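Asker: As given, the protein sequences belong to chains A and B, one line each in that order. Oh and the first sequence: position 380 is 380 in the numbering used here, straight run, nothing missing. Position in the second sequence counted from 1, then plus 492, gives you the numbering used here. All C-beta atoms in this analysis are idealised placements derived from N, C-alpha and C, irrespective of residue type, glycine included. Small disclaimer: the values here were computed from a predicted structure and weren't measured. This is the structure I have questions about; it appears just below.
There are 2 protein chains.
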Amino acid sequence: MLRPRGFTALPRAWPSRAASSSVAAAYYPSEPVAPSLVTASVPGPKSIELNQHLGAVFDNRASYFVTDYGRSVGNYISDADGNQLLDVYCQISSIALGYNNPALLATAASPQMASALVNRPALACFPPADYGRILQDGLLAAAPPGTNKVWTALSGSCANETAYKAAFMYQAARRRGSLDFTDEELTSAMENQPPGAPDRAILSFDKGFHGRLFGSLSTTRSKPIHKLDIPAFNWPKAPFPALQYPLAEHVRENAEEEARCLAEFERIVRLHPPHSIAAIVVEPVQAEGGDNHASPAFFQGLRALTLEHDILMIVDEVQTGVGACGKFWAHEHWDLAVPPDMVTFSKKFQAAGFYFSDPALQPAQPYRQFNTWCGDPSKALLARTIYQEITRHDLVARTAQVGAYLYGQMEQMFARHPAAVHSLRGENFGTFIAWSCENPAKRNELLMRMRSVGVNIGGCGNHSVRLRPSLVFERAHADVFLEALEYSLRAL
Amino acid sequence: MLRPRGFTALPRAWPSRAASSSVAAAYYPSEPVAPSLVTASVPGPKSIELNQHLGAVFDNRASYFVTDYGRSVGNYISDADGNQLLDVYCQISSIALGYNNPALLATAASPQMASALVNRPALACFPPADYGRILQDGLLAAAPPGTNKVWTALSGSCANETAYKAAFMYQAARRRGSLDFTDEELTSAMENQPPGAPDRAILSFDKGFHGRLFGSLSTTRSKPIHKLDIPAFNWPKAPFPALQYPLAEHVRENAEEEARCLAEFERIVRLHPPHSIAAIVVEPVQAEGGDNHASPAFFQGLRALTLEHDILMIVDEVQTGVGACGKFWAHEHWDLAVPPDMVTFSKKFQAAGFYFSDPALQPAQPYRQFNTWCGDPSKALLARTIYQEITRHDLVARTAQVGAYLYGQMEQMFARHPAAVHSLRGENFGTFIAWSCENPAKRNELLMRMRSVGVNIGGCGNHSVRLRPSLVFERAHADVFLEALEYSLRAL
Numbered sequence: 001m002l003r004p005r006g007f008t009a010l011p012r013a014w015p016s017r018a019a020s021s022s023v024a025a026a027y028y029p030s031e032p033v034a035p036s037l038v039t040a041s042v043p044g045p046k047s048i049e050l051n052q053h054l055g056a057v058f059d060n061r062a063s064y065f066v067t068d069y070g071r072s073v074g075n076y077i078s079d080a081d082g083n084q085l086l087d088v089y090c091q092i093s094s095i096a097l098g099y100n101n102p103a104l105l106a107t108a109a110s111p112q113m114a115s116a117l118v119n120r121p122a123l124a125c126f127p128p129a130d131y132g133r134i135l136q137d138g139l140l141a142a143a144p145p146g147t148n149k150v151w152t153a154l155s156g157s158c159a160n161e162t163a164y165k166a167a168f169m170y171q172a173a174r175r176r177g178s179l180d181f182t183d184e185e186l187t188s189a190m191e192n193q194p195p196g197a198p199d200r201a202i203l204s205f206d207k208g209f210h211g212r213l214f215g216s217l218s219t220t221r222s223k224p225i226h227k228l229d230i231p232a233f234n235w236p237k238a239p240f241p242a243l244q245y246p247l248a249e250h251v252r253e254n255a256e257e258e259a260r261c262l263a264e265f266e267r268i269v270r271l272h273p274p275h276s277i278a279a280i281v282v283e284p285v286q287a288e289g290g291d292n293h294a295s296p297a298f299f300q301g302l303r304a305l306t307l308e309h310d311i312l313m314i315v316d317e318v319q320t321g322v323g324a325c326g327k328f329w330a331h332e333h334w335d336l337a338v339p340p341d342m343v344t345f346s347k348k349f350q351a352a353g354f355y356f357s358d359p360a361l362q363p364a365q366p367y368r369q370f371n372t373w374c375g376d377p378s379k380a381l382l383a384r385t386i387y388q389e390i391t392r393h394d395l396v397a398r399t400a401q402v403g404a405y406l407y408g409q410m411e412q413m414f415a416r417h418p419a420a421v422h423s424l425r426g427e428n429f430g431t432f433i434a435w436s437c438e439n440p441a442k443r444n445e446l447l448m449r450m451r452s453v454g455v456n457i458g459g460c461g462n463h464s465v466r467l468r469p470s471l472v473f474e475r476a477h478a479d480v481f482l483e484a485l486e487y488s489l490r491a492l
Numbered sequence: 493m494l495r496p497r498g499f500t501a502l503p504r505a506w507p508s509r510a511a512s513s514s515v516a517a518a519y520y521p522s523e524p525v526a527p528s529l530v531t532a533s534v535p536g537p538k539s540i541e542l543n544q545h546l547g548a549v550f551d552n553r554a555s556y557f558v559t560d561y562g563r564s565v566g567n568y569i570s571d572a573d574g575n576q577l578l579d580v581y582c583q584i585s586s587i588a589l590g591y592n593n594p595a596l597l598a599t600a601a602s603p604q605m606a607s608a609l610v611n612r613p614a615l616a617c618f619p620p621a622d623y624g625r626i627l628q629d630g631l632l633a634a635a636p637p638g639t640n641k642v643w644t645a646l647s648g649s650c651a652n653e654t655a656y657k658a659a660f661m662y663q664a665a666r667r668r669g670s671l672d673f674t675d676e677e678l679t680s681a682m683e684n685q686p687p688g689a690p691d692r693a694i695l696s697f698d699k700g701f702h703g704r705l706f707g708s709l710s711t712t713r714s715k716p717i718h719k720l721d722i723p724a725f726n727w728p729k730a731p732f733p734a735l736q737y738p739l740a741e742h743v744r745e746n747a748e749e750e751a752r753c754l755a756e757f758e759r760i761v762r763l764h765p766p767h768s769i770a771a772i773v774v775e776p777v778q779a780e781g782g783d784n785h786a787s788p789a790f791f792q793g794l795r796a797l798t799l800e801h802d803i804l805m806i807v808d809e810v811q812t813g814v815g816a817c818g819k820f821w822a823h824e825h826w827d828l829a830v831p832p833d834m835v836t837f838s839k840k841f842q843a844a845g846f847y848f849s850d851p852a853l854q855p856a857q858p859y860r861q862f863n864t865w866c867g868d869p870s871k872a873l874l875a876r877t878i879y880q881e882i883t884r885h886d887l888v889a890r891t892a893q894v895g896a897y898l899y900g901q902m903e904q905m906f907a908r909h910p911a912a913v914h915s916l917r918g919e920n921f922g923t924f925i926a927w928s929c930e931n932p933a934k935r936n937e938l939l940m941r942m943r944s945v946g947v948n949i950g951g952c953g954n955h956s957v958r959l960r961p962s963l964v965f966e967r968a969h970a971d972v973f974l975e976a977l978e979y980s981l982r983a984l
């Protein structure tokens, strides 16, 4: 099936998709069947020229290529030169249903959307009459098991930071009981000093990524370049398991590693005064940090320890959430007896925020968890359509299936290239699949080779590659990807 | 002209606007000529019922009333019960051109908007081909004098925080010179410790408001309820002048107060090691903090001191910016010899971010000022239309004129109610007008009375009222407002 050859020709006779079973074909009758490259390399000359103009006014040094979103369709992203690439990166894991999805275009053209855009409300002060319904049918219908309330924000960073604020206010209220704020608290808060601005902390994990604003960046532990020169809170971090692959061959070592991390977590907690760690924040898979997984047992152990020490548990599903991981929410894999206290989201939902259930996580006084906009109804409308389309087309189960197929094929392929790639991970985790390369230079070379045969793909960590396709990435797309990967690995 | 009477009847025969000179009439042929109240009080029964449902899933305890945005038009906001109120609060100063503005509706219906919504890009990695043009014709065409670059964010809070990050990276790079990061910096940054995560600070001013995320909240000094229980950076604050009104009667006292504040600012700066204060952040008018003004001489003095001490100056125009203050940017009133290093914006532009000119404020390495979305092209499209409409209709000059009329009328009115209201402020500052009441209870009573006669209006500080109408608030609207205010003051 794998036929190594060039990808530089225009679309060729690829096996057509069985329309009856393909959601992508139903959404995108004109989706290409293969990448199509019309310039010798990507970015091509038009991308380069447009980028030079853009660079005069906007920091675009991270640009892959200038994109023609009008011509992008389904799983294929088009660049300014007319190249069409299979996209398994999807705007850093943010495109849920493919480019120019017709259901989302209908939502974008709706009178509700027009009103949400041109009459942007201060949601907590002047809520639109339909906002409750939009939340109920969308974001809240998608709420993780055990949660039934939502706070809406604007980005993954502020989703996490507002969750942190909820945790700090909750812990302070618990300690304060029914008492009012003291004069000392009222005065010291204005001076940024305890007890009003207390020394409490959010504990995060080594290699975790939770955003780039000041609170979230203090919990981000991915790479120095994310953190250098920015003041940070003196908050603790704990080790995250470094599992060895294949998992089946390292059962004992990995169990020991997870036990070590749990013990170290508990040791760090005990070093801190009781209740001085308000919450932990943890990703189901540390995505930016290198797609680091841990077992359900590890997360069950963490949950037990947080309950024992009266620490809240915030699960950051900004990258893992909304269907790509084999469940709607990745932490559903854990089978926790007590659900997380808060679950944050953004990216594939366009809308951002956090879920919770304990009413005490909503501060007793208004105007504490508050800001001008408190979210954005235009994004809540998009999230509702995204949720409804995922449900209607059973996209979580479909993504789990294509992920299983992809993983199986890659397992076989990687056995043929043991020097180039290793540590394939994400089995039974939908299309949330990653692997590692020999070193950062080889990883970057592989990313470039994949692009040169028409696949847009991203790295993570120092020497890993991550797959982040949309939820309408199907077996036919997987086959295109697999052929490109085999070709690229042989050329390495 | 002021005819105290009830406002509870349906629209009455109000003098019609001279269409030839009214932008509001051109935009909004069906805009009401007066408030219209159909329920005995606001919120009415439908608002209350809808709010009870919404409260089950969303923190809406700050709600004024549930809003019918579909029926809102121009300067009039409609609630769920069918009441139509003249809006001089405008979603906490966020509605630039009135409700359901036809030019913005056209932008909302454009193919560019549809694409921006459904194909939301990771702007720094996959910039749309038209993003440079959208910025050039919109946000950058509106750039304050002396700035020519923009960084786009999502809210006022993250506009300020990304500006703070730019300041910290700039100061560290200046000190580091051409050297690379040291191993100690690389290692300590990952531990949230200096020197990698340094002890530098942003200095802000007493009663300033700059947002509610962790970095911005550390610079916010408005009220304890905004800050309580949230850990904060140990950053310094300086006093902001407390001017006495009328200004003409307190020339000497106010000059002394501003000199005192400048001296105290310099004293605080000198207490800190050189370059440990990376930047100051200051609002042209401290809006949330009570509409506190200071003279151009004060800001000129601040600018001179920041230059002398090698401290960056960030002007927070989140609330003051975009045309309501008599200039497009409020700090244009100051006639600074050297422009601010960064100017932040959000609210009326829908798009958020900061302006700058020094290329060194863009870090030398990519991926440092970076995040998944780096802004939102759907908001940049709205900002472009807002800017173009402001220019086309000369709305800054018009708002300055109506503000001058309003201020003059209020000055006369307040002379008749010296016990109820005082410290009228905002002369020559467009419609950015405020005043103080006897005490917080009387202020809140005035806000309620204004609402009961059909004017939606907001407070600021502890006992002040602020006007924040749109830029299409004209003399006819001012007359409706003035009559409602006279009636309410008499009833106090």
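Between the stretch 326–342 of chain A and the stretch 271–278 of chain A, can you find at least three pairs of beta-carbon atoms closer than 8 Å?
Answerer: They do not touch, by the three-pair rule.
Asker: Applying a beta-carbon distance threshold of less than 9 Å, which residues of chain B neighbour residue 169 (chain A)?
Answerer: Correct list: 720, 721, 722.
Asker: Any chance the stretch 547–554 of chain B sits against the stretch 99–117 of chain A, with 3 or more Cβ pairs inside 8 Å?
Answerer: With a cut-off of 8 Å, the stretch 99–117 of chain A and the stretch 547–554 of chain B do not count as touching, because too few Cβ pairs lie within range.
Asker: Would you call the stretch 170–185 of chain A in contact with the stretch 677–685 of chain B, where contact means no fewer than 3 C-beta pairs closer than 8 Å?
Answerer: Not touching, per the Cβ criterion.
Asker: Please state if the CB of residue 585 (chain B) and the CB of residue 839 (chain B) are separated by a distance shorter than 8 Å.
Answerer: Result yes, Cβ atoms of residue 839 (chain B) and residue 585 (chain B) sit closer than 8 Å.
Asker: What's the call for residue 501 (chain B), buried or exposed, on a 16-neighbour Cβ count within 10 Å?
Answerer: Its pLDDT being 35, under 50, residue 501 (chain B) is placed unreliably in this model, and the coordinates cannot settle the point.
Asker: In whole angstroms, what is the alpha-carbon distance linking residue 936 (chain B) and residue 951 (chain B)?
Answerer: Roughly 8 Å between the two C-alpha positions.
Asker: For chain A, is any of its Cβ atoms less than 8 Å away from the one on residue 650 (chain B)?
Answerer: Output row for residue 650 (chain B): interface = yes.
Asker: Can you give me the Cβ contacts of residue 381 (chain A) inside the same chain, cut-off strictly under 7 Å, excluding the 5 residues immediately before and after it?
Answerer: The answer, listed in chain order, is 107, 112, 113, 116, 134.
Asker: Between the Cα of residue 797 (chain B) and the Cα atoms of B:775, B:753, B:825, B:687, which residue gives the shortest distance?
Answerer: Among B:775, B:753, B:825, B:687, the Cα nearest to that of residue 797 (chain B) is on B:753.
Asker: Can you check whether the C-beta of residue 1 (chain A) is within less than 8 Å of a C-beta belonging to chain B?
Answerer: Below a pLDDT of 50, predicted positions are generally treated as unreliable, and residue 1 (chain A), at 30, falls in that range; no measurement from the model is reported.
Asker: Any beta carbon from chain B within less than 8 Å of residue 69 (chain A)'s own beta carbon?
Answerer: It does; some Cβ of chain B falls within 8 Å.
Asker: Just checking: is the beta-carbon of residue 60 (chain A) within a distance shorter than 8 Å of some beta-carbon in chain B?
Answerer: Yes, residue 60 (chain A) counts as interfacial toward chain B.
Asker: I'd like to know whether the C-beta of residue 986 (chain B) is nearer than 8 Å to at least one C-beta of chain A.
Answerer: Past the edges of chain B, shown from 493 to 984, lies residue 986 (chain B), and the structure says nothing about it.
Asker: Suppose only complete runs of 4+ residues qualify. What are the alpha helix (DSSP H) ranges in the stretch 905–930 of chain B, listed by chain order?
Answerer: Taking only runs of at least 4 residues, no alpha helix (DSSP H) segment lies wholly in the stretch 905–930 of chain B.
Asker: In chain order, what residues of the same chain have a beta carbon less than 7 Å from the beta carbon of residue 849 (chain B), not counting five sequence neighbours either side?
Answerer: Only 638, 639, 640, 641 meet the Cβ criterion.
Asker: How should residue 503 (chain B) be labelled, buried or exposed, when 16 other C-beta atoms within 10 angstroms of its C-beta is the threshold for buried?
Answerer: Below a pLDDT of 50, predicted positions are generally treated as unreliable, and residue 503 (chain B), at 38, falls in that range; the measurement from the model is reported next regardless. Residue 503 (chain B) comes out exposed.
Asker: Please return the same chain residues whose Cβ sits closer than 6 Å to the Cβ of residue 361 (chain A), not counting the five positions on each side in sequence.
Answerer: Closer than 6 Å at the Cβ level, and outside the excluded window around residue 361 (chain A), lie 166, 170.
Asker: Buried or exposed for residue 286 (chain A), please, with buried defined as at least 16 other CB atoms from any protein chain shown within 10 angstroms of its CB.
Answerer: Classification of residue 286 (chain A): buried, given that the 10 Å Cβ count is 16 or more.
Asker: Quick check: is the beta carbon of residue 366 (chain A) nearer than 8 Å to any beta carbon in chain B?
Answerer: Interface residue, yes.
Asker: Note down, one range per segment and in chain order, each alpha helix (DSSP H) of at least 4 residues found wholly within the stretch 113–166 of chain A.
Answerer: List check, alpha helix (DSSP H) in window: 131–137.
Asker: Are the CB atoms of residue 320 (chain A) and residue 284 (chain A) nearer to each other than 8 Å?
Answerer: Contact: yes.
Asker: Distance check for residue 158 (chain A) and residue 524 (chain B), CA to CA, integer angstroms please.
Answerer: Near 39 Å, if we compare the C-alpha coordinates of residue 158 (chain A) and residue 524 (chain B).
Asker: Is there a Cβ of chain A sitting closer than 8 Å to that of residue 591 (chain B), yes or no?
Answerer: Yes, its Cβ sits closer than 8 Å to a Cβ of chain A.
Asker: Decide if residue 688 (chain B) is buried, meaning its Cβ has at least 16 other Cβ atoms within 10 Å, or exposed.
Answerer: Label assigned to residue 688 (chain B): buried.
Asker: List, in chain order, every chain B residue whose beta-carbon is nearer than 8 Å to that of residue 131 (chain A).
Answerer: Those within 8 Å of residue 131 (chain A) in chain B are 546, 550.
Asker: Below 8 Å CB to CB, which residues in the same chain sit around residue 865 (chain B) once its five sequence neighbours on both sides are set aside?
Answerer: These residues qualify, in order along the chain: 612, 613, 614, 615, 646.
Asker: Since residue 367 (chain A) sits in a beta bridge, which residues does DSSP pair it with?
Answerer: Paired residues: none, contrary to the question.
Asker: In angstroms, rounded to a whole number, what distance separates the CA positions of residue 856 (chain B) and residue 690 (chain B)?
Answerer: The straight-line gap from Cα to Cα measures roughly 18 Å.
Asker: Residue 528 (chain B) lies in the alpha helix (DSSP H); which residues open and close that run?
Answerer: First-last for residue 528 (chain B): undefined, no H or E at that position.
Asker: Between which two residues does the alpha helix (DSSP H) containing residue 967 (chain B) stretch?
Answerer: Taken as a continuous stretch (DSSP letters only), the alpha helix (DSSP H) holding residue 967 (chain B) covers 967–983.
Asker: Report whether the distance from the Cβ of residue 399 (chain A) to the nearest heavy atom of the ligand ADP is below 7 Å.
Answerer: Among the components modelled here there is no ligand, and therefore nothing to report on the ligand ADP.
Asker: Chain B partners of residue 92 (chain A), CB-CB under 8 Å?
Answerer: Going along chain B in sequence order, the residues near residue 92 (chain A) (Cβ under 8 Å) are 614, 617, 864.
Asker: Tell me whether the beta-carbon of residue 953 (chain B) lies closer than 8 Å to the beta-carbon of residue 845 (chain B).
Answerer: No. Outside cutoff.
Asker: If the cut is a Cβ gap below 7 Å, which residues of chain B does residue 149 (chain A) touch?
Answerer: Here the neighbours are 549.
Asker: Can you find the residues in the same chain that come closer than 8 Å, C-beta to C-beta, to residue 722 (chain B), ignoring five residues on each side of it along the sequence?
Answerer: Cβ neighbours of residue 722 (chain B) beyond the five flanking positions: 706, 709.
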